[in-house]
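These protein sequence lines are chains A and B, in that order. If you read the first sequence in the numbering used here, its first letter stands for residue 1, the second for the next number, and so on. If you read the second sequence in the numbering used here, its first letter stands for residue 224, the second for the next number, and so on. Glycine residues also receive a C-beta, built at the ideal position from the N, C-alpha and C atoms. The structure displayed is predicted, hence computed values, not measured ones.
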Amino acid sequence: MVDWQPIWLTLKLAAVTTVILLIIGTPIAWWLARSTAWWKEGVAAVVALPLVLPPTVLGFYLLLALGPYGPGGWLAGLWGERSLAFTFSGLVIGSVLYSMPFVIQPIRNAFQAIGDRPLEVAATLRASPLDAFLTVALPLARPGFLTGAVLAFAHTVGEFGVVLMIGGNIPGETKVLSVAIFDHVEALEWERAHVLAGGMLVFSFTVILIMMTLERRMGRARA
Amino acid sequence: MTGISARFRGTVGRFALDVAFEAPARGVTALFGPSGCGKTTVLRCVAGLQHLPDGHLTVGGAVWQDGRRSQPTHARPIGFVFQDASLFPHLSVRANLTYGQSRAARQGAAEVVRFDEVVALLGLEPLLDRSPLRLSGGERQRVAIGRALLSRPGLLLMDEPLSALDRFSKDEILPYLEALHGLSIPVLYVSHDVAEVERLADHLVLLDQGRVIAAGPLEQLQADPALPLARLPEAGVVLHATVTDHDPDYGLTTLAFDGGVLVVPGRLGEAGTPRRARIAAADVSLTRQPPRESSILNCLPARIDGSGPRDGVMIEVVLGLGREGRGERLLARITRRSWDALGLAVGDAVYAQVKSVALLNRSP
Numbered sequence: 001m002v003d004w005q006p007i008w009l010t011l012k013l014a015a016v017t018t019v020i021l022l023i024i025g026t027p028i029a030w031w032l033a034r035s036t037a038w039w040k041e042g043v044a045a046v047v048a049l050p051l052v053l054p055p056t057v058l059g060f061y062l063l064l065a066l067g068p069y070g071p072g073g074w075l076a077g078l079w080g081e082r083s084l085a086f087t088f089s090g091l092v093i094g095s096v097l098y099s100m101p102f103v104i105q106p107i108r109n110a111f112q113a114i115g116d117r118p119l120e121v122a123a124t125l126r127a128s129p130l131d132a133f134l135t136v137a138l139p140l141a142r143p144g145f146l147t148g149a150v151l152a153f154a155h156t157v158g159e160f161g162v163v164l165m166i167g168g169n170i171p172g173e174t175k176v177l178s179v180a181i182f183d184h185v186e187a188l189e190w191e192r193a194h195v196l197a198g199g200m201l202v203f204s205f206t207v208i209l210i211m212m213t214l215e216r217r218m219g220r221a222r223a
Numbered sequence: 224m225t226g227i228s229a230r231f232r233g234t235v236g237r238f239a240l241d242v243a244f245e246a247p248a249r250g251v252t253a254l255f256g257p258s259g260c261g262k263t264t265v266l267r268c269v270a271g272l273q274h275l276p277d278g279h280l281t282v283g284g285a286v287w288q289d290g291r292r293s294q295p296t297h298a299r300p301i302g303f304v305f306q307d308a309s310l311f312p313h314l315s316v317r318a319n320l321t322y323g324q325s326r327a328a329r330q331g332a333a334e335v336v337r338f339d340e341v342v343a344l345l346g347l348e349p350l351l352d353r354s355p356l357r358l359s360g361g362e363r364q365r366v367a368i369g370r371a372l373l374s375r376p377g378l379l380l381m382d383e384p385l386s387a388l389d390r391f392s393k394d395e396i397l398p399y400l401e402a403l404h405g406l407s408i409p410v411l412y413v414s415h416d417v418a419e420v421e422r423l424a425d426h427l428v429l430l431d432q433g434r435v436i437a438a439g440p441l442e443q444l445q446a447d448p449a450l451p452l453a454r455l456p457e458a459g460v461v462l463h464a465t466v467t468d469h470d471p472d473y474g475l476t477t478l479a480f481d482g483g484v485l486v487v488p489g490r491l492g493e494a495g496t497p498r499r500a501r502i503a504a505a506d507v508s509l510t511r512q513p514p515r516e517s518s519i520l521n522c523l524p525a526r527i528d529g530s531g532p533r534d535g536v537m538i539e540v541v542l543g544l545g546r547e548g549r550g551e552r553l554l555a556r557i558t559r560r561s562w563d564a565l566g567l568a569v570g571d572a573v574y575a576q577v578k579s580v581a582l583l584n585r586s587p
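Written out as structure tokens, the structure is:
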């Protein structure tokens, strides 16, 4: 009754995307928070673009980029494939770009909220810049990381437009939860759609609840 | 060991700084001046937190900055106490204290004070396992001082460490700061509070509008009528005195200093205990003859050494204590009418009647 394959695929996609975003998003957020370069806000705008861009527009350009005649096709050629479009890797790339602002914004805000002082203090206590980043900035920005990770995960679980454009509907490879629900509705399999949609509802509620609880608890620890 | 030699020139924002000064390798040197005179900027330059390309800094013989070549802050053996304690909120008090200690040890810096000594000196034992978020302002600042001391500094920098505190917390911290004299680390202490400086400093660098207007031993600058210190309403001098005698009948203690003795109420420690006695210029009056019947205990022979401008209502008179006037300096504030009525002139022998002596609580 429950089709586990799209659920499992969706969770895998969301987890991989979140991990990649935390790894590449942290240095970008740090740079955006601390740099004084005049073109910094331009970069910030590019990162935030998916917030306002229709997913189909992003998906369209990604399709071109990942396809056989784009850089994605060239990249795929390295291991003998024709294209990154309609593959799980392509989905990961799309999700990373699509969810980027949801990770970078909260982490950047958290870094900015720390201010210069704790890092100056660390420097006067003999900590090198990297040491200070790891032992002072990262722990102090932890709420931002939590928010970013939860948002990236949840946002990736729920994405539809981009997936449909670049991933299509290949079971076990690109057929994620939201696409599966759409499929069931198209095929008039209302009950199966109900199971997945209900599950998503519970999942989303739980995520929001956990996040709000965490934020409140951390807020109290800081007060 | 040689002391500190600093020169910084440049602009920070719209503020122009042009300072050069020397400070001894021992004791507390106060960078003193009104708000906005550049003293905090100077301290940040010494720490390397601010960089002015036109600058030169040597500390204890080591070059910390030579123009554009400058050691980064984390490579300078300093301890820095910020105005607000700036403890790491994600670490316990203990972890805050050891943050700099472990790093300095790894870099092979020589230990200045042991962990338990710092804990005892600053009374930190009951705080060790608490979070900095649950400390009072005074407690936080004590931890910050301990943290700086444990980072094995060759130079301790303090940026108005008391200004964010209320009266009670200030009184709580001051004895600990005085205890720093017992350690052999030179201290650069930024302050705009005369009372604080008089209690703590041995040496003074006076700053105004980004420039050094005078530098020297505290008591020398206090008694210089050409400097703004002597014109403050609360002007006065600090005498470095030693307890010599105690009269249990009357409960009076005798303090000796270069040029005379003072008798003050209270028991102030064993003979030989050093004390700082402060005498305000407004509490000193001058007579030609020694007063024969007076309730004032302290009447010190002195010679007039100089004076401030003689065109206002009041005149600041600088006295050299002792019959020959060769001892420590004292400042008296008298009216111009009295100056003329007594026919006073530089070089005259006078008696300075001291109405009250404030003891700056140098811990014995």
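Excluding sequence positions up to five before and after Ile227/B, its CB lies within less than 6 Å of the CB of Ala246, Val282, all in the same chain and listed in chain order. The beta carbon of Phe311/B sits closer than 8 Å to some beta carbon of chain A.
The residue from Gly161/A, Ala132/A, Leu196/A with its alpha-carbon nearest to that of Phe311/B is Ala132/A. When Cβ-Cβ separations below 8 Å define contact, His297/B makes contact with chain A.
Phe231/B and Ala65/A have their C-alpha atoms spaced approximately 54 Å apart. Beta-carbon to beta-carbon, Ala464/B and Ala446/B are separated by about 16 Å, too far to satisfy the 8 Å threshold. Neighbourhood of Phe305/B in chain A, by CB distance below 9 Å: Arg117, Glu120, Val121, Thr124, in chain order. Take the alpha-carbon of Leu140/A and the one of Thr36/A: they are about 22 Å apart. In the DSSP secondary-structure assignment, His463/B is bridged to Arg499/B. DSSP, reduced to helix, strand and coil, places Glu395/B within a helical segment of the structure shown. Residues Thr264, Gln273 of the same chain have their beta carbon placed closer than 7 Å to that of Val235/B, with the five preceding and five following residues left out of the count. Apart from the 5 residues on each side of it in sequence, Pro71/A sits with its Cβ closer than 8 Å to the Cβ of Ala65 in its chain, given in chain order. Take the alpha-carbon of Ala555/B and the one of Ala113/A: they are about 53 Å apart. Under the Cβ distance rule, Leu275/B does not count among the residues neighbouring chain A, no pair being separated by less than 8 Å.
For Cys522/B, the uninterrupted beta strand (DSSP E) segment begins and ends at 521-530. If you look at Gln443/B, you'll find it isn't in any beta strand (DSSP E); it sits in the alpha helix (DSSP H) that goes 441-445.
In the three-state DSSP reduction, Gly233/B falls in the strand class (E or B). Looking at the backbone, the Cα of Tyr69/A and that of Asp183/A are separated by about 29 Å. If you look at Trp287/B, you'll find it in the beta strand (DSSP E) that goes 285-289. The three-state reading of DSSP puts Arg559/B in helix, counting H, G and I together. Distance from the CA atom of Pro55/A to the CA atom of Ile104/A, rounded to whole angstroms, is 19 Å. According to the DSSP assignment, Val52/A belongs to no beta strand (DSSP E), since it is labelled neither H nor E.
Straight-line measurement puts the Cα of Arg370/B at about 11 Å from the Cα of Ser309/B.
Residue pairing by DSSP puts Asp241/B in a beta bridge opposite Arg232/B, Arg434/B. Between Ile527/B and Ile557/B a beta carbon distance of about 11 Å is seen, past the 8 Å cut, so the two are scored as non-contacting. When the Cα atoms are used, Leu406/B and Arg237/B turn out to be separated by approximately 38 Å. Residue nearest to Ala15/A within the set His155/A, Arg34/A, Val163/A is His155/A (criterion: CA-CA distance). Of all C-beta pairs linking the stretch 354-366 of chain B to the stretch 383-401 of chain B, three or more are shorter than 8 Å, placing the two stretches in contact. Within chain B, the residues His313 have their CB atoms less than 7 Å from the CB of Pro139/A, given in chain order. Taking the Cβ atoms as the reference, Thr174/A lies roughly 6 Å from Leu91/A, within the contact range of under 8 Å. Of Trp30/A, Val96/A, Pro27/A, the smallest CA-CA separation from Pro50/A is found for Val96/A.
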